[in-house]
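I have placed the structure first, in the form of structure tokens, so that the comments after it can refer back to it.
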Amino acid sequence: MSDYLVIVESPAKAKTIGKYLGKKYAVKASMGHVIDLPKSQMGVDVEDNFNPKYITIRGKGPVLKELKTAAKKAKKIYLAADPDREGEAIAWHLAHSLNIDDKSKCRVVFNEITKQAIKDSFKTPRTINMDLVDAQQARRVLDRLVGYNISPLLWKKVKKGLSAGRVQSVAVKMIIDREKEIEAFEPEEYWSIQAELNKNDESFEAKFYGVDGKKTELKTKEDVDLVLNKLSGDSFTVDKVTKRERKRNPVVPFTTSSLQQEAARKLNFRAKKTMMLAQQLYEGIDVGKEGTVGLITYMRTDSTRVSETAQNETKDYIEANYGKEYINTEQKKSKQSANSQDAHEAIRPTSVMKDPKNVKSYLSRDQYRLYKLIWDRLVASLMAPAVMDTLSVDLSNNGVIFRANGSKLKFPGFMKVYIEGTDDGKKEEDRWLPELEQGEEVVVETIDPNQHFTQPPPRYTEARLVKTMEELGIGRPSTYAPTLDTIQRRGYVALEDKRFVPTELGTIVLDLIIEFFPEILNVEFTAKMETDLDSIEDGKENWVQVIDHFYKDFEKRLKTAEEEMREVEIKDEPAGEDCENCGHEMVFKMGRYGKFMACSNFPECRNTKPIVKDIGVKCPTCNEGNIVERKSKKKRIFYGCDRYPECEFISWDKPINRTCPKCSKMLVEKKTKKGIHVQCSECDYKEEQN
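So this is what it looks like as structure tokens:
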């Protein structure tokens, strides 16, 4: 019989920890929460200081019974749930269920699942932190008051199955507001002039800067003509040469938010997938002789701090593998965000000595890619700045100034290991200029004016939305992924080309919430609530008082909404075709995953069809059908023949209405990180990128 019982959330975590603690410790998993608010009712007694009515979660009875049996046999019980508010709440519920004394030092926390971290944590157990529990309890109660009061209103006034959440509603509003910005955007014309210049058969580019020493904007074709008419001859004179050395500092290690953003940019991972993989890496992976070991530190954090031990180990690794000159000797304390609690370290490898290439064979492809991203980021964060040589040259012709810029890498520093991704996917490229001296002349090869139009703000990608939510103080590390998942499952927004677009349903629901519950959608109000929750965690605020302050106004608005909120009928829009099964008109309906076509004779006829978009290209396989745009189950766009299943033509690349000049086969638009280019679907023919 084991002397001690340790309870964690997951079997994977239990397996890893059990290996380090030895035979005297029995390690069991609670499988997450065992106690929670009921799903069938709000579960909050508003009349009794918002007292939560906790119950055993359906299906968790056998788990709790097993834990109680094990607890009776143990001399001491340790609760080792995750080191955050939710983990503290799980430990508190378990303590009450297992009759553990409130003053008992039963709580152990660790930021990484390694042998040393586990052993150290069991040397210093503590009592359950009720401030953390209260902060989590306040969040749950607050979300219940909002969701379980507004959602039934929406069921009654709009349609069954709708919901409204505190953070998710703000996220939907951000997406809808962005869509309105795009719709209202009026493009403005502007021009640029690019010159191709040459010195001693070495070409380089320069761009128009201004006239007579002043920076000048080109708004119209007339502005361009004035500049071009002013030019004289076919050469430019070098007026000014400026050489500088510029340092580029490494980025800090990952927080939850920055990991989700970078995994989206570089690995094309959704936030939910990133967190799932990070959880696996944290809880433990079997790495051969060493057994199961946690590969990264805790993955829900807003801190960029790295322990001194990890820093020293990483610097030793850098010196041994890259040289002493690659160690950052001017390490500055990283800035935390205004909302950062700094409760944990940054997300980092538990040991930099677990090089990704050495553990690759034990990881799935996606686990390896995410682990390498985290490992690279830590190593790079402690490396020396990169040093760039930059060159700026002003050239003139009759008072017209063009400017050429060049840069080249002098010392790679951290860039030898890692370069942060960008939202537009563009990469920095070295572009150096020929040796140019003041007063010398260079020859003009071409001068090309180009018309442009300003672009509307881009729709939110998952990465950009998470970044904006973090900047505005909406949500916390544990909420980003579930929030994005919820607003898509509810059908309030959809992803098109990896960017969020609002649905008609989302817009309708949001308009009703704005009208009757404006504070729920107020960014500053939502950020203030997050700050209040942090204050509860720090012991500075009483959770009941915080909730009561919110509920007084909310209750008044709720009564008004119940009396005045209008019923909204989402009318079916005619689809312009008849049902092939019964002959009745087909209509567009709004479903969980967006619009689809259905027979108006429902429920007698249950015929439904996805909405397809004809792209105006004949099928190259059967020469009868038209190619239409479709979506896979994972929402990925593909192209197929509208005569399917008679014709099984399919293409992931968009076909265009031209054939290959080399082999006469179908040409397609191929999307890459650098943009879109046209290529043949069969041979090696490729057209220049546009």
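Going letter by letter, the sequence shown gives residues 4 to 693 in my numbering.
A virtual CB, placed ideally from N, CA and C, is assigned to each residue, including glycine.
Q: Using a threshold of 9 angstroms, state whether the C-beta atoms of residue 473 and residue 463 are closer than that.
A: In this structure, residue 463 does not lie closer than 9 angstroms to residue 473 by Cβ.
Q.
Under DSSP, the beta strand (DSSP E) around residue 125 begins and ends at which residues?
A. Counting along the chain, residue 125 falls outside any beta strand (DSSP E), though it belongs to the alpha helix (DSSP H) covering 118-126.
Q.
Less than 6 angstroms between C-beta atoms, sequence neighbours within five positions excluded: which residues of the same chain meet that for residue 505?
A. 178, 179, 182, 496
Q: Give a yes or no on whether the C-beta atoms belonging to residue 619 and residue 633 are separated by under 9 angstroms.
A: no
**Q.** Neighbourhood of residue 604 by C-beta, 6 angstroms cutoff - its chain only, sequence neighbours within 5 removed
**A.** Setting aside the 5 residues that flank it on each side, residue 604 is surrounded in the same chain by 585, 587, each with a C-beta closer than 6 angstroms to its C-beta; the list follows chain order.
**Q.** Cross-strand partners of residue 238 (DSSP beta bridge)
**A.** 446
Q) Measuring CB to CB, does residue 657 end up less than 9 angstroms from residue 683? A) In this structure, residue 683 does not lie closer than 9 angstroms to residue 657 by Cβ.
(Q) Using a Cβ-Cβ cutoff of less than 6 angstroms, which residues in the same chain neighbour residue 448 once the five nearest sequence positions on both sides are dropped? (A) 199, 201
Q.
Tell me which residues share the same chain as residue 136 and place their Cβ nearer than 6 angstroms to its Cβ, disregarding the 5 neighbours each side in the sequence.
A. 91, 92, 95
Q. What's the call for residue 188, buried or exposed, on a 16-neighbour Cβ count within 10 Å?
A. Around the beta carbon of residue 188, a 10 Å sphere encloses fewer than 16 other beta carbons of the protein chains shown; the residue is thus reported as exposed.
Q: For residue 356, count neighbouring Cβ atoms within 10 angstroms of its own Cβ and tell me buried if that reaches 16, exposed if not.
A: Exposure of residue 356 is indicated by the presence of fewer than 16 other C-beta atoms within 10 angstroms of its C-beta.
(Q) Once the 5 residues before and after residue 384 are set aside, which same chain residues still bring their CB inside 6 angstroms of it? (A) The residues 253, 255, 256, in chain order, have a CB closer than 6 angstroms to that of residue 384 in the same chain once the five nearest residues on each side in sequence are set aside.
Q) Can you tell which of 25, 156, 653 has its C-alpha closest to the C-alpha of residue 513? A) 156
Q: Would you kindly work out how many angstroms separate the C-alpha atoms of residue 16 and residue 83, rounded to a whole number?
A: 10 angstroms
(Q) Considering Cα atoms alone, identify which of 450, 591, 612 is closest to residue 206. (A) 450
Q: Out of 685, 28, 49, 60, state which residue places its alpha-carbon closest to the alpha-carbon of residue 34.
A: 60
(Q) On the DSSP letters alone, give me the boundaries of the beta strand (DSSP E) that residue 209 sits inside. (A) Note, residue 209: beta strand (DSSP E), 205-214.
Q: Answer yes if the stretch 141-158 comes into contact with the stretch 533-548, meaning at least three C-beta pairs across the two stretches below 8 angstroms, and no otherwise.
A: In short, these stretches touch, since the Cβ pair count reaches three.
Q. If you run the structure through DSSP and keep just helix, strand and coil, what is residue 693?
A. Annotation note: pLDDT 45 at residue 693 (below 50); position unreliable, coordinate value reported separately. Three-state result, residue 693: coil.
Q) Taking just the CA atoms, how far does residue 577 sit from residue 342? A) The pLDDT assigned to residue 342 is 44, lower than 50, so where the model puts this residue is not dependable; a value taken from the coordinates is nonetheless given after this. Near 49 angstroms, if we compare the C-alpha coordinates of residue 577 and residue 342.
Q: Determine the direct distance from the alpha carbon of residue 194 to that of residue 296, and round the result to whole angstroms.
A: 58 angstroms
Q | residue 259, enclosing alpha helix (DSSP H) - first and last residue | A | 259-270
Q.
Please report the distance separating the alpha-carbon of residue 460 from that of residue 185.
A. Take the alpha-carbon of residue 460 and the one of residue 185: they are about 6 angstroms apart.
Q.
Quick check: the Cα distance between residue 203 and residue 397, rounded to an integer number of angstroms?
A. 18 angstroms
Q: Entirely within the stretch 152-186 and at least 3 residues each: give me those beta strand (DSSP E) ranges in chain order.
A: none
Q) Nearest to residue 208 by alpha carbon, out of 480, 405, 650? A) 405
Q.
residue 487 and residue 274 - do their beta-carbons sit closer together than 9 angstroms?
A. yes
Q. Taking DSSP as the reference, what is the three-state secondary structure of residue 660?
A. In the three-state reduction of the DSSP assignment, residue 660 falls in the strand class, which pools E and B.
(Q) If I measure Cβ to Cβ from residue 88 and keep anything under 6 angstroms in the same chain, skipping five residues before and after, which residues do I get? (A) 135, 138, 139
Q: Taking 8 angstroms as the threshold, find out whether the stretch 51-69 comes into contact with the stretch 557-574 through three or more Cβ pairs.
A: no
Q) Name the DSSP bridge partner or partners of residue 577? A) Partner(s): 590.
Q) Which value, in whole angstroms, describes the spacing of the CA atoms of residue 522 and residue 359? A) 47 angstroms
Q) For the candidate residues 333, 234, 394, whose alpha-carbon lies nearest to that of residue 416? A) 333
**Q.** Environment of residue 14 [buried if 16+ CB atoms lie within 10 Å]
**A.** exposed
**Q.** Per-residue DSSP class, three states only, for residue 6
**A.** coil
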